[in-house]
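Engineer: Before we start, here is the structure in question, set down as structure tokens.
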Amino acid sequence: MNRAARYRLAAILGIVLLLELLCRSGVIDRLTMPPPSVILRDLVLILASGSMNKAMLKTFINVSIAFGLSVVIGVVLGVAIHGWRLVRQGLDPLFATYYAIPVYAFYPLFIVLFGLGDVPQILIGFMLAVVAMIVNTLNGLDRVSRVLLKTARVYRLGAVATAMRITLPSAAPYLMTGIKLAVAYAFIGVIGAEFIMSQTGMGYEISFAYNNLDNATMYPLILLVLAVSTGINVALSHWEKIIMQRRGQS
Amino acid sequence: MHAQVLLRGVTRVYSAGALDRPVHALGPIDLELRRGEFFAVVGPSGCGKSTLLELIAGLSPMTEGSIDFEGRPIAGSVPDGVGVVFQEDACFPWLTVTDNIAFGLRQAGTETGELRRRLDHALELMGLTEFAQAYPAQLSGGMRQRVCIARTLVLQPRLILLDEPFGALDQQTRLLMGDELLRLWRDTGSTVLLITHALDEATMLADRIAVMSARPGRILEIVETRWPRERDSRIVAEASFGEITGRLWRALREESLKAIGKKAAGA
């Protein structure tokens, strides 16, 4: 572990310890937030009892679907748009302003269109994630060196083979950035949608516990979501680092 | 000896953009490459040498004329049996040295035993065996260029096109890479077309050297070196080495001045 990482870890531990002290001493009252050690204990109890398994499974499946679709469709659309200059020029302003659109504002419309099931929730996660994937795919493809494209022609690769074997591998570091964002957006979209209008899932359980002043459920679930999302991101960053090291860009 | 590559009246004009006029880059050029010879092209910068290579490789369309490779016209794609090595680093940074070299063989669906055999031979030949599992980023520029040459050679091309392959390397490395190239050329029996701006490199390596004019590039003169097929970089010490290099420079000096926008002194 390098020095920056040690300081980072120390800072996080320090904050947790401070919270623990503030909660234990009564500066933060129990109705606002239980001490971190209690949150952790409650989380272990919830996981052991299995009472949240259904909600967790449902949310993680929906996040996975939103994420998977956004990566596959985002890369395919990215490659297609990259090869089609006019469409690219037409869509660029949309990509530039896309994240200024509050996607949740369309949630009632999605419910009218697709009902109260999982589809609108997955759709929100997908809509948030897919554009990050498209934009980063385009970004990566723009930076593929010309000599590699010429090399593809020397090996007489067709359009699909060129994308699969030359341009996408070459753009891999940028795709990784897109993938990391897509994971985060899929989580935000799905869990956010569960908060607003849903009868199941982690987001719903957190908001249900909040409405019932059930801190012993709410905080552990928040911690769980945080841990899973951070864990996935750390794993992806590690993979990204390996890719960059191979290219001598660590 | 019959022509392996035959160019007749080849020109290349880059069509006009929105603001500028069309650029006549090359030609007309008539040229014959004989099977198995080492042919070099020298010329002032911007004379269209690289364009010439791209036309022969089928990477760029010609405006007029025709190019035949082994009796068949080249149209729009790289013909089977032609390998190209570029000046820029064209290694695939996401693949190991071995996977880089195997790229074309896998593309062609070569069966595993043959693939292994050719890979080992290429690694050995290019002195890359101990770097077989390294990634290009771990290698020097010269080593990376060797990977690109090996990647081309394993496909056993009958014509190898080299676009200033040693342009980014230092002088000593260039001489040694030149030796290796001569050895490979002798061993494989392939025809080699080398594009270079280095006159001494052309003199040392080639059987015949075409001197090109400033843009639009035309062939001014073809110089025969008459070196024996068994040769290496030590020929730089021979008297005729200086004579040939001097002859190339006499032909080129005025053109090079034109290329940088000046008139030849006393011309």
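As you go down the protein sequences, you meet chains A and B in turn.
Each residue of the first sequence is one higher than the last, beginning at 1 in this note's numbering.
Each residue of the second sequence is one higher than the last, beginning at 1001 in this note's numbering.
Every residue, glycine too, gets a C-beta built ideally from N, C-alpha and C.
1. Can you tell which of A:N62, A:A209 and A:I179 has its C-alpha closest to the C-alpha of A:L236?
2. Return the chain-ordered ranges of every alpha helix (DSSP H) run that is complete within the stretch 86-157 of chain A and spans a minimum of 4 residues.
3. Cβ atoms of A:N233 and A:V183: under 8 Å apart, would you say?
4. May I have the straight-line CA-CA distance separating A:R6 from B:K1049, to the nearest angstrom?
5. Is there a C-beta anywhere in chain A that falls below 8 Å from the one on B:Y1014?
6. If you draw a straight line from the C-alpha of B:R1234 to the C-alpha of A:P169, how long is it?
7. Using only alpha-carbon positions, find the residue among B:T1110, B:I1260, B:E1070 and B:A1251 that is nearest to B:V1041.
8. Compute the beta-carbon to beta-carbon distance between B:D1200 and B:V1236, rounded to the nearest angstrom, for a pair I have assumed lies under 8 Å.
9. Of the residues A:E194, A:F95, A:K150 and A:I39, which one's Cα is nearest the Cα of B:L1053?
10. What is the DSSP secondary structure of B:L1006, counted as helix, strand or coil?
11. In its own chain, which residues sit with a C-beta less than 7 Å from the C-beta of B:G1266, not counting the 5 before and 5 after it?
12. What residues in the stretch 1070-1082 of chain B have a beta carbon less than 9 Å from any beta carbon of chain A?
13. Between A:S51 and A:L43, what straight-line distance do the alpha-carbon atoms span, to the nearest angstrom?
14. Tell me where the alpha helix (DSSP H) around A:L13 begins and ends.
15. Could one say the Cβ of A:S145 lies closer than 8 Å to chain B's Cβ atoms, at least one of them?
16. Quick check on A:G140 - is its C-beta less than 8 Å from some C-beta in chain B?
17. So what does DSSP say about B:H1024, is it helix, strand or coil?
18. What is the DSSP secondary structure of A:I81, reduced to helix, strand or coil?
19. Buried or exposed: where does A:M164 fall if 16 or more other Cβ atoms within 10 Å of its Cβ makes it buried?
20. Which residues, in order along the stretch 152-183 of chain A, keep a beta-carbon less than 9 Å from a beta-carbon of chain B?
21. Say whether chain B places a C-beta atom closer than 8 Å to the C-beta of A:G83.
22. Identify the residues that DSSP records as bridge partners of B:A1251: which are they?
23. Assign B:F1069 to one of three DSSP states: helix, strand, or coil.
24. So which residues of chain A does B:V1147 contact, with C-beta pairs closer than 9 Å?
25. Using only CA atoms, which one of A:I101, A:I166 and A:L128 lies nearest to A:D142?
26. Output, in chain order, the set of chain B residues within a Cβ distance shorter than 7 Å of A:G78.
27. Just to check my reading of the structure: B:F1039 and B:A1206 have Cβ atoms closer than 8 Å, yes? What is that Cβ distance to the nearest angstrom?
28. Along chain A, which residues have their Cβ under 9 Å away from the Cβ of B:G1048?
29. Report the neighbours of A:K150 on chain B: residues whose CB is nearer than 7 Å to its CB, in chain order.
30. Nearest to A:A100 by CA position, among A:V119, A:Q121 and A:A132, is which residue?
31. Less than 8 Å between CB atoms is the rule here; does B:G1104 satisfy it with respect to chain A?
32. Can you give the Cα-Cα distance for A:D214 and A:G68, rounded to whole angstroms?
33. When you compare only the Cα positions, how much space is there between A:F110 and A:I243?
34. Taking 8 Å as the CB-CB cut-off, is B:Q1133 touching chain A?
35. Could you give the DSSP three-state label for B:A1267: helix, strand or coil?
36. Can you grab the Cα-Cα spacing for the pair A:S70 / A:Y185, in whole Å?
Structural biologist: In terms of the structure at hand:
1. Walking along the first sequence from the start, residue 236 of chain A turns up at place 236. Distance check between A:L236 and each of A:N62, A:A209 and A:I179 places A:I179 closest, using alpha-carbon atoms only.
2. With a minimum length of 4 residues, the continuous alpha helix (DSSP H) runs that stay inside the stretch 86-157 of chain A are 107-114, 119-142 and 146-154.
3. Reading the first sequence from its first residue, position 183 is the one you call residue 183 of chain A. Reading the first sequence from its first residue, position 233 is the one you call residue 233 of chain A. Yes, Cβ-Cβ distance for A:V183 and A:N233 is below 8 Å.
4. Numbered from 1 along the first sequence, position 6 holds the residue referred to as residue 6 of chain A. Numbered from 1 along the second sequence, position 49 holds the residue referred to as residue 1049 of chain B. Cα-Cα distance, rounded: 56 Å.
5. Indexing the second sequence from 1 puts residue 1014 of chain B at position 14. False, the Cβ-Cβ gap to chain A never drops below 8 Å.
6. Here residue 1234 of chain B refers to the residue found at position 234 of the second sequence. Here residue 169 of chain A refers to the residue found at position 169 of the first sequence. Roughly 43 Å separates the two Cα atoms.
7. Walking along the second sequence from the start, residue 1041 of chain B turns up at place 41. Taking the Cα of B:V1041 as reference, the smallest distance to any Cα among B:T1110, B:I1260, B:E1070 and B:A1251 is reached at B:A1251.
8. Position 200 of the second sequence holds residue 1200 of chain B. Position 236 of the second sequence holds residue 1236 of chain B. B:V1236 and B:D1200 do touch by the CB rule: their CB atoms are close to 7 Å apart, below 8 Å.
9. Position 53 of the second sequence holds residue 1053 of chain B. Of the candidates A:E194, A:F95, A:K150 and A:I39, the one whose C-alpha sits nearest the C-alpha of B:L1053 is A:K150.
10. For the purposes of this step, residue 1006 of chain B is taken as the residue at position 6 of the second sequence. Correct three-state label for B:L1006: strand.
11. Here residue 1266 of chain B refers to the residue found at position 266 of the second sequence. Since pLDDT at B:G1266 reaches only 45, below the 50 mark, its modelled position is unreliable, and the value read off the structure follows with that caveat. Only residues of its own chain outside the window of five on either side were considered, and among them none has a CB closer than 7 Å to the CB of B:G1266.
12. For the stretch 1070-1082 of chain B, the beta-carbon criterion of a distance under 9 Å to any beta-carbon of chain A is satisfied by S1077, V1078, D1080 and V1082.
13. Taking the first sequence and counting its residues from 1, one reaches residue 51 of chain A at position 51. Taking the first sequence and counting its residues from 1, one reaches residue 43 of chain A at position 43. Distance between the alpha carbons of A:S51 and A:L43: 11 Å.
14. On the first sequence, residue 13 of chain A is found 13 positions in, with the first residue counted as 1. Counting along the chain, A:L13 sits inside the alpha helix (DSSP H) bounded by residues R3 to S25.
15. Taking the first sequence and counting its residues from 1, the one referred to as residue 145 of chain A is at position 145. Put simply, the CB of A:S145 is near chain B, with a gap under 8 Å to one of its CB atoms.
16. For the purposes of this step, residue 140 of chain A is identified with residue 140 of the first sequence, where counting begins at 1. With 8 Å as the cut-off, A:G140 does not count as an interface residue toward chain B.
17. As a working mapping, residue 1024 of chain B is identified with position 24 in the second sequence. Three-state result, B:H1024: strand.
18. Stepping through the first sequence from its first residue, residue 81 of chain A is reached at position 81. Under the three-state reduction of DSSP, A:I81 is assigned to helix.
19. Translated into positions along the first sequence, residue 164 of chain A becomes position 164. It counts as exposed.
20. From the stretch 152-183 of chain A, only R153, V154, Y155, R156, L157, A161, R165, I166, P169, S170 and A172 have a Cβ closer than 9 Å to chain B.
21. As a working mapping, residue 83 of chain A is identified with position 83 in the first sequence. No, no contact with chain B.
22. For the purposes of this step, residue 1251 of chain B is taken as residue 251 along the second sequence, with counting starting at 1. According to DSSP, which records beta bridges pairwise, B:A1251 is partnered with nothing at all.
23. Your numbering for residue 1069 of chain B matches position 69 in the second sequence. In the three-state reduction of the DSSP assignment, B:F1069 falls in the strand class.
24. Position 147 of the second sequence, counted from the first residue, corresponds to residue 1147 of chain B. The premise fails here: B:V1147 is roughly 12 Å from chain A at the closest Cβ pair, so nothing lies under 9 Å.
25. Residue 142 of chain A sits at position 142 when you count from the first residue of the first sequence. Nearest to A:D142 by C-alpha distance, out of A:I101, A:I166 and A:L128, is A:I166.
26. What you label residue 78 of chain A is simply residue 78 of the first sequence in a count that begins at 1. Close partners of A:G78 in chain B (Cβ separation under 7 Å) are lacking, with about 18 Å as the shortest Cβ gap.
27. Position 39 of the second sequence, counted from the start, is the residue given in the question as residue 1039 of chain B. Position 206 of the second sequence, counted from the start, is the residue given in the question as residue 1206 of chain B. B:F1039 to B:A1206, Cβ: 6 Å. Contact.
28. Translated into the one-based positions of the second sequence, residue 1048 of chain B becomes position 48. Simply none; closest approach about 17 Å.
29. As a first step, residue 150 of chain A must be located in the first sequence, where it is residue number 150. In chain order: L1059 and F1086.
30. Sequence index remark: in the first sequence, residue 100 of chain A carries index 100 (1-based). Of the listed residues, the one whose Cα sits closest to A:A100 is A:A132.
31. Against the second sequence, residue 1104 of chain B aligns to sequence position 104. Yes, B:G1104 counts as interfacial toward chain A.
32. For this step, residue 214 of chain A is matched to residue 214 along the first sequence. For this step, residue 68 of chain A is matched to residue 68 along the first sequence. Each residue's alpha carbon lies about 33 Å from the other.
33. For the purposes of this step, residue 110 of chain A is identified with residue 110 of the first sequence, where counting begins at 1. For the purposes of this step, residue 243 of chain A is identified with residue 243 of the first sequence, where counting begins at 1. Cα-Cα distance, rounded: 39 Å.
34. What you label residue 1133 of chain B is simply residue 133 of the second sequence in a count that begins at 1. So no, B:Q1133 is outside the interface.
35. Position 267 of the second sequence, counted from the start, is the residue given in the question as residue 1267 of chain B. Note on B:A1267: pLDDT 42, under 50, position unreliable in the model; no value is reported.
36. Taking the first sequence and counting its residues from 1, the one referred to as residue 70 of chain A is at position 70. Taking the first sequence and counting its residues from 1, the one referred to as residue 185 of chain A is at position 185. Using only the alpha carbons, I get a separation of about 10 Å.
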